[in-house]
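Going down the list, the protein sequences come from chains A and B. Here the numbering used here is used: the first residue of the first sequence is 1, the next is one more, and so on. Here the numbering used here is used: the first residue of the second sequence is 1001, the next is one more, and so on. First the structure, in the form of structure tokens, and then the observations on it.
2 protein chains.
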Amino acid sequence: MMTFPEQFERFARIHLPANLSDAAILRFQALGRAAAVGREEALALNLHADHLVFVCSGATKLVAHASDRRDQVVGFHFPDELVVVPARAEHSYTLEAVRPSELLVFDYRDFTELARSDPAVLRSLLECARGSLSRSREKSLALGRKTATERLAGFLVAMAVRIGSMRDGTLSIDLPMSRRDIADSLGLTIETVSRQFSVLRELGLLETTGKAGVRIPDLRALEARAGYLTEAA
Amino acid sequence: MMTFPEQFERFARIHLPANLSDAAILRFQALGRAAAVGREEALALNLHADHLVFVCSGATKLVAHASDRRDQVVGFHFPDELVVVPARAEHSYTLEAVRPSELLVFDYRDFTELARSDPAVLRSLLECARGSLSRSREKSLALGRKTATERLAGFLVAMAVRIGSMRDGTLSIDLPMSRRDIADSLGLTIETVSRQFSVLRELGLLETTGKAGVRIPDLRALEARAGYLTEAA
DNA sequence: GAAGGTCCTTGATCGAAATCAATGCGCCGC
DNA sequence: GCGGCGCATTGATTTCGATCAAGGACCTTC
């Protein structure tokens, strides 16, 4: 459990320019607030404003809500990442904890107003937005044109890159999210996700240990199963 | 047909700050090139670099390509809009003309390098990225969790807002894109798109004239059919 | 370490959209 | 005005993933 100044210091180190004056840093700090969010809880936000949220610890999902509790996980966000949580428009969005998480919350408008003449901060925000846009476009392709197996394979490749680690010589992931979260992210049902885990397991592309553990013996092979473009095409 | 300086002037008026010095404007101008792209042609780009493209005239689609010619239209872009076209990664992207289009092309890296200390230009880029991210997230929700009818209704609402106009008292759209483009944007087939047009027509939510003309007598009703959140929820 | 609950897996059936297959319409040149 | 062609519509059938329905595994709690 971090104190607010510790959290902010971490945020500043990653997302604010190194040469910022102490006074300027304090002005940004004054705009932030800390929030601890328990598992499966949503971060409480003013629905009518955009927010900028820094993930200090845990793991989170950004969820878009349509009518009839049909939810779509629009993205997962892990420690040290910055997320833009949009205000309610055609649909509403919530940032929810997949694991107990410590978050740093800013009003988007206040933050950009303070950063309006600081190129380094603006560049940092732009990079954050570009990363999210790029992942979101990849997701559109997956949701629009890929089969269930390809979607799960692509998801696992992306997770391996973002939160995977080497364990006794094999690329491994400890998935923080439930099958429901994965299903809501891939536009599938939990049953279909479960079946695709079985398919990939039978193809020898992965091994599972318990609910959360996944070992990937051959990342390239899994990428191929995800329908990624090869050198040739 | 615009000359390159005319095109650039238009771009500068919309996306560059008004108080930029003439010298600075010329430096940006030196980075751009004009490109005319015919119907269904792709803009020729260096595949290994990101680009920034300004649409001067016409209508364009940003297409993500997976294996087996399964294409996903990731977004449509109309005159005065700025598009980020990503370099090839897991998938490749092309910007293609839906109608003959005049485009202004920049290398993304060069452009941001020149803008690196100019907050106003950076803010303009950030706003562009945020707009695209927001539309992309809405698309993820539609592709992941909505029915064919809801997707088409949502698409038509969005087009009405972006390129619709009032004609003899009724909100009307002259769709620049084919059924195939719409299908590739909504993650459906052309046959299904066609059937959903019939469904919405039979529901009295729209009238069609020829292939491209759409009249929307009641936008609110169409929005409701798109599964948008209502005030209550 | 047994009990209980939650989450996950597997199986059987159903349904929305894809695919396959004609047919129709609008738009072009002639 | 009349073909002809490309695009769009409509119909018949198939398919992949959703839904419905049991089991089974893992983790917590006592």
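All C-beta atoms, glycine included, are put in the ideal place defined by N, C-alpha and C. Since we're looking at a predicted model, the values are computed, not measured.
In the structure shown, what three-state DSSP assignment does Leu1219 of chain B receive? Residue state, collapsed to three classes: helix.
Expected contact under 8 Å - CB spacing of Val1121 of chain B and Leu1016 of chain B to nearest Å: Between Leu1016 of chain B and Val1121 of chain B the Cβ distance is about 6 Å, and since that is below 8 Å, they are a contact.
DSSP on Ile14 of chain A, reduced to helix/strand/coil? Helix at Ile14 of chain A.
Interfacial residues, the region 1077–1096 of chain B to chain A, with Cβ spacing under 9 Å: Residues Val1084, Pro1086, Arg1088, Ala1089, Glu1090, His1091, Ser1092, Tyr1093.
Applying the criterion that 16 or more other CB atoms from any shown protein chain within 10 Å of the CB defines a buried residue, is Gly1204 of chain B buried or exposed? Sixteen is the threshold: since fewer than 16 other Cβ atoms of the shown chains lie within 10 Å of the Cβ of Gly1204 of chain B, the residue is exposed.
Is any beta-carbon of chain A found at less than 8 Å from that of Asp1110 of chain B? No, Asp1110 of chain B does not count as interfacial toward chain A.
Would you tell me roughly how many angstroms separate the C-alpha atoms of Ala1064 of chain B and Leu26 of chain A, rounded to the nearest one? Those two C-alpha atoms are separated by around 43 Å.
For Phe28 of chain A, which of helix, strand or coil comes out of DSSP? Phe28 of chain A falls in the helix class under three-state DSSP.
Beta carbon proximity, Leu171 of chain A to chain B, threshold 8 Å: When Cβ-Cβ separations below 8 Å define contact, Leu171 of chain A makes no contact with chain B.
Once the 5 residues before and after Ile194 of chain A are set aside, which same chain residues still bring their CB inside 8 Å of it? Rather than Ile, the amino acid found at residue 194 of chain A in this sequence is Ser. Hits under 8 Å: Arg179.
Give a yes or no on whether 8 Å exceeds the smallest Cβ distance from Glu138 of chain A to chain B. So yes, Glu138 of chain A belongs to the interface.
Suppose you measure from the CA of Thr1230 of chain B to the CA of Glu1223 of chain B; what does that come to, to the nearest Å? Within the model, the alpha-carbon separation for Thr1230 of chain B versus Glu1223 of chain B is close to 9 Å.
Tell me whether Leu125 of chain A counts as near the ligand FMN, meaning its Cβ is closer than 7 Å to at least one heavy atom of that ligand. With respect to the ligand FMN, the structure shown offers nothing to examine, as it has no ligands at all.
Is it buried or exposed for Ser1140 of chain B, if we count other Cβ within 10 angstroms and need 16 for buried? With 16 or more other CB atoms across the displayed protein chains lying within 10 angstroms of its CB, Ser1140 of chain B is buried.
Endpoints, the beta strand (DSSP E) within which Ser1067 of chain B is located: Where Ser1067 of chain B is concerned, there is no enclosing beta strand (DSSP E), given that its DSSP letter is neither H nor E.
Kindly list, in the order they appear in chain B, the residues whose Cβ is closer than 7 Å to that of Gly187 of chain A. Taking the beta carbon of Gly187 of chain A as reference, the chain B residues within 7 Å of it are Leu1143, Gly1144, Arg1145, listed in sequence order.
Per DSSP, which residues does Thr1112 of chain B bridge with? Please list them. DSSP lists no partner for Thr1112 of chain B.
Could you pull the start and end residues of the alpha helix (DSSP H) that Leu47 of chain A belongs to? Unbroken run through Leu47 of chain A: none, as it is neither H nor E.
Going by Cα to Cα distance, which pick from B:Gln1072, B:Gln1007, B:Glu1041 is closest to Asp1184 of chain B? Answer by Cα proximity: B:Gln1072.
Keeping to the same chain, check which residues put their C-beta closer than 6 Å to that of Arg1130 of chain B; ignore five residues upstream and five downstream. So no residue of the chain qualifies.
Could you work out which residues of chain A lie near Val1074 of chain B, taking near to mean beta carbons separated by less than 8 Å? Per Cβ cutoff of 8 Å: Arg137, Ser140, Leu141.
So, does the region 1085–1093 of chain B touch the region 159–171 of chain A, judging by three or more C-beta pairs under 8 Å? A contact between stretches requires three or more CB pairs, one per stretch, nearer than 8 Å, and the region 1085–1093 of chain B fails this requirement with the region 159–171 of chain A.
Can you list, in chain order, the residues of its chain with a C-beta nearer than 8 Å to that of Gly213 of chain A? Leave out the 5 residues immediately preceding and following it. Excluding its 5 nearest sequence neighbours in each direction, Gly213 of chain A has C-beta neighbours in its own chain below 8 Å: Ser172, Ile173, Asp174, Leu175, listed in chain order.
Taking 8 Å as the CB-CB cut-off, is Gly227 of chain A touching chain B? Yes - at least one Cβ of chain B is within 8 Å of the one on Gly227 of chain A.
In the DSSP output, which residue or residues are listed as bridge partners for Val1037 of chain B? In the DSSP assignment, Val1037 of chain B forms a beta bridge with B:Ser1101.
Taking only the alpha-carbon atoms, compute the straight-line gap between Thr192 of chain A and Met177 of chain A and give it to the nearest angstrom. Straight-line Cα distance between these residues: approximately 16 Å.
Does any residue of chain A have a CB that is nearer than 8 Å to the CB of Arg1116 of chain B? Judged by the 8 Å Cβ criterion, Arg1116 of chain B is in contact with chain A.
Using the rule of at least 16 other Cβ atoms within 10 Å of the residue's Cβ for burial, across every protein chain shown, is Ala18 of chain A buried or exposed? Exposed, because fewer than 16 other Cβ atoms sit within 10 Å of the Cβ of Ala18 of chain A.
Please go through the same chain and pick out, in chain order, the residues whose beta-carbon is closer than 6 Å to the beta-carbon of Ile182 of chain A, but skip the five residues on each side of it. The answer, listed in chain order, is Val193.
First and last residue of the beta strand (DSSP E) that includes Thr1192 of chain B? It is not in any beta strand (DSSP E) - Thr1192 of chain B instead sits in the alpha helix (DSSP H) that spans 1190–1202.
Contact belief for Ala87 of chain A with Asp50 of chain A at Cβ below 8 Å, rounded distance in angstroms: Ala87 of chain A to Asp50 of chain A, Cβ: 5 Å. Contact.
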